[in-house]
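Structure first, then comments.
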Amino acid sequence: MKIPAKGCNRDELFSTLEDYRKGDNAWQNGRTWAYVFDPGEEATAVIKQAYMMFLSENALDPTEFRSAVRLENEVVSMCAHHLGGGPGTVGNFTSGGTESIILAVKAARDHARATRANLGVPEIIVPSTAHAAFHKAVHYLGMKAVVTPVDHTTFKADVGAIREAINENTVLLVASAVSYPQAVVDPVEEIAALAAEHGILCHVDGCMGGFILPYFRRLGAPVPNFDLSVKGVTSISMDLHKFAYAAKGASVVLYNDPELRKHQFFTCASWAGYTMFNTTVQSSKSVGPLAAAWAVLNYVGDAGYLKFAQQLLDATRRIVGGIREIDGLRVLGEPEMNLVAFTSDEVNVFLLIDEMNARGWYIQPQLGHPDCPPSVHLTIAPSNTRWIDELLADLRVCVDKVRGQQPGPLVAMAQQALAAIPDPSAIDGTVLKQLLALAGISGGGLPERKADINQLLNLLPPAFKERLLVEFMSDLFTPTADE
Ligand SMILES: *Cc1c(COP(=O)(O)O)cnc(C)c1O
1 MKIPAKGCNR DELFSTLEDY RKGDNAWQNG RTWAYVFDPG EEATAVIKQA
51 YMMFLSENAL DPTEFRSAVR LENEVVSMCA HHLGGGPGTV GNFTSGGTES
101 IILAVKAARD HARATRANLG VPEIIVPSTA HAAFHKAVHY LGMKAVVTPV
151 DHTTFKADVG AIREAINENT VLLVASAVSY PQAVVDPVEE IAALAAEHGI
201 LCHVDGCMGG FILPYFRRLG APVPNFDLSV KGVTSISMDL HKFAYAAKGA
251 SVVLYNDPEL RKHQFFTCAS WAGYTMFNTT VQSSKSVGPL AAAWAVLNYV
301 GDAGYLKFAQ QLLDATRRIV GGIREIDGLR VLGEPEMNLV AFTSDEVNVF
351 LLIDEMNARG WYIQPQLGHP DCPPSVHLTI APSNTRWIDE LLADLRVCVD
401 KVRGQQPGPL VAMAQQALAA IPDPSAIDGT VLKQLLALAG ISGGGLPERK
451 ADINQLLNLL PPAFKERLLV EFMSDLFTPT ADE
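Everything in the sequence shown is counted per the working numbering, starting at 1 for the first residue and increasing by one.
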């Protein structure tokens, strides 16, 4: 495909774009329990207007775009107040939870390099339920992640295991508030105390829970202490593009000590161009996401967020109660915010998901892990709350429908084939491609029913799964062929 010889007409262009998204997840109807955090039309209009107003401004140079500095400092200040920050708390606005986490891990690495003699490869300790972004951070930063188990009933980090994993290269302990898979708050106070005792840093991942947990607490829910006011916590991340309803590309990372935050920054005076000083990973960046985040915080306001939180807390209680009443389903742990994971000891959850999918729902599969069984994950957003009764009714019907069903013969075949391979990570790319084709995946396309694929992935060792995913992506992102 080439750039069209002549520019095309505006109407035609937008109708093509509309066409392109016809096959997308139809989140607008409120039946998608993931990915989109929709605060309703009114707030969305405000978010869009603020975003477009600052679309072209470039936060690359904060001396030329002073509004960007002002907006960022105001957003960070609001977030610091929200998360128990003190007079010394500092932070930055980032493009998302992943960037916030990468920056906190970088700060920990560079702080250790600056303060410790004989540091080997710097290590961070992450409970198995901590977000994949920590693994991405060490991957990018030349560090190592040491994974510790979580309790098999509460799904909270095992503090004893963390204590045992600490060694002379440990630079950072990680706790989640909440963890994504089961939405529970790790024992932050104990983990932070352990970090302080060893003179190391402690990051709290509040990407998912940081914004809403303080509201849940004000509404009477039992929320453990998790924020910057906890002794030993040195940094925290919080996404605004989740339950603050900001446009995507909005998160913050905060530190209690400005000296620690300095290790997050990057400056470069050894090239021939403009003076380079970046607070975050990105360099040129639109001020749109920041302006939109500032706008939604100011538009919805504390009282508005408390109201949303009440709606979500009530919804969560109804859903958790409803699932517990369905024969064959089991809620994992005690969800501490408006995300719910459930599994089944009687039916295959991947078949259940396909069945729900066929009825117009999107619910998210989570593969099994040594610490948790395969499960279904629901993120409850305001636009979902009108569907609770229908969701529960369909779950009940679908559980009965898939009772006794097994995944297809492919899974058994693959299982046998795998058992015959001594080292699956040594298999070459062609074999992987054939395996993907067998599962109905080719050229990045996916079959309607995904239970077989999920069941297959569920069986594979992580290293093998990761290689399959690389093959899948490589196929998916292939330039459009010439006509
Ligand atoms: C969403 C999330 C993140 C980071 O996600 P992004 O997609 O980069 O915003 C990190 N931790 C938890 C617990 C999350 O839920």
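Glycine included, each C-beta is placed from N, C-alpha and C at the ideal position. The structure displayed is predicted, hence computed values, not measured ones.
Distance cut-off 8 Å: residue i Cβ against heavy atoms of ligand 3
i    : result
D205 : What this structure holds is ligand 1, not ligand 3.
Where the beta strand (DSSP E) containing residue i begins and where it ends
i    : result
L213 : Counting along the chain, L213 falls outside any beta strand (DSSP E), though it belongs to the alpha helix (DSSP H) covering 213-218.
C202 : 201-205
A341 : 339-344
L194 : Per DSSP, L194 belongs to no beta strand (DSSP E); it is in the alpha helix (DSSP H), 188-197.
T170 : 170-176
I125 : 123-127
Beta-carbon proximity of residue i to residue j, cut-off 9 Å
i    : j    : result
G96  : S270 : no
G206 : A177 : yes
M337 : D394 : no
Y255 : T234 : yes
V287 : E123 : no
L240 : A293 : yes
Q282 : E99  : yes
A381 : L71  : no
P335 : A130 : no
E346 : G328 : yes
L194 : G232 : yes
M1   : D482 : yes
V105 : F93  : no
I353 : K450 : yes
From the options, residue whose alpha carbon lies closest to that of residue i
i    : options                : result
I47  : E334, G249, A439, V159 : G249
S128 : V174, L391, I166, A463 : V174
A439 : A426, G429, L456, D423 : L456
K285 : A59, G210, I125        : A59
I236 : Y245, A246, N225       : N225
I125 : P4, D475, K144         : K144
H203 : L213, E189, F216, Y215 : E189
L228 : Y51, L71, C79          : C79
R330 : F14, G321, E259, T343  : T343
V253 : A107, Q28, A481        : A107
A247 : E197, F37, T480        : F37
L436 : Q416, L410, P422       : L410
L219 : C268, F464, D302, M238 : D302
T115 : V75, E74, E168         : E168
L418 : F464, V402, D475, A193 : F464
D452 : G360, L392, M413, N73  : M413
Distance, residue j Cα to residue i Cα
i    : j    : result
P149 : L367 : 16 Å
H369 : G30  : 30 Å
A112 : A358 : 51 Å
I200 : L172 : 6 Å
A133 : D158 : 20 Å
E325 : Y362 : 21 Å
S442 : V431 : 13 Å
H152 : D371 : 6 Å
M473 : V296 : 34 Å
T32  : D110 : 41 Å
G445 : T478 : 12 Å
V300 : A341 : 29 Å
G404 : R396 : 15 Å
G7   : F14  : 13 Å
G23  : A221 : 39 Å
L460 : F308 : 40 Å
V504 : E41  : What the structure shows of the chain is the stretch from 1 to 483, and residue 504 is not part of that stretch, so it cannot be assessed.
L391 : W27  : 15 Å
Span of the alpha helix (DSSP H) around residue i
i    : result
T44  : 41-53
R330 : Looking at the DSSP string, R330 is not in any alpha helix (DSSP H); the run it does join, the beta strand (DSSP E), is 329-331.
N454 : 451-459
A414 : 409-420
(request) Could I get the ranges of all uninterrupted alpha helix (DSSP H) runs contained in the segment 239-326, with 4 residues as the minimum, in chain order? (result) Listed in chain order, they are 258-262, 288-324.
(request) Entirely within the segment 60-98 and at least 3 residues each: give me those beta strand (DSSP E) ranges in chain order. (result) If we require 3 residues or more, the beta strand (DSSP E) runs fully inside the segment 60-98 come out as 90-94.
(message) To test your reading of the DSSP string, which unbroken beta strand (DSSP E) runs of 3 or more residues are found completely within the segment 345-403?
(response) Here the runs fully enclosed are 364-366, 375-379.
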